[in-house]
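Novice:
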Amino acid sequence: MPFLTSSEMDQRYRVMLMQRSDEERLIMGCAMRDTVRALVEASLREHDPQATVETIS
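See below:
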């Protein structure tokens, strides 16, 4: 059974997030994208160590 965050915690998180500036939120989003990309690339390389840069990009 998945862990469910209570609606109260969801609201607290949203309030905290919205207190950040637009620039801070953009930077956070870009950092999350970079992290996800690195994880996907690592997974692809694990499954195919011979993969080229073109294949992974």
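To convert, note that position 43 of the sequence shown is 273 in our numbering; the numbers rise steadily by one, no gaps. Every residue gets a Cβ at the ideal spot worked out from N, C-alpha and C, and that includes glycine.
Would residue 286 pass as a contact of residue 269 if the rule is Cβ separation under 8 Å?
Specialist: Contact: no.
Novice: Taking only three categories from DSSP, how would you classify residue 251?
Specialist: Reduced to three states, the DSSP call for residue 251 is coil.
Novice: Any idea what DSSP makes of residue 264, helix, strand or coil?
Specialist: Residue state, collapsed to three classes: helix.
Novice: Distance, Cα to Cα, residue 283 vs residue 242?
Specialist: In a straight line, the C-alpha of residue 283 is about 41 Å away from that of residue 242.
Novice: Let's see if you can read the secondary structure: which residues bound the alpha helix (DSSP H) around residue 285?
Specialist: Looking at the DSSP string, the run of the alpha helix (DSSP H) that includes residue 285 is 283-286.
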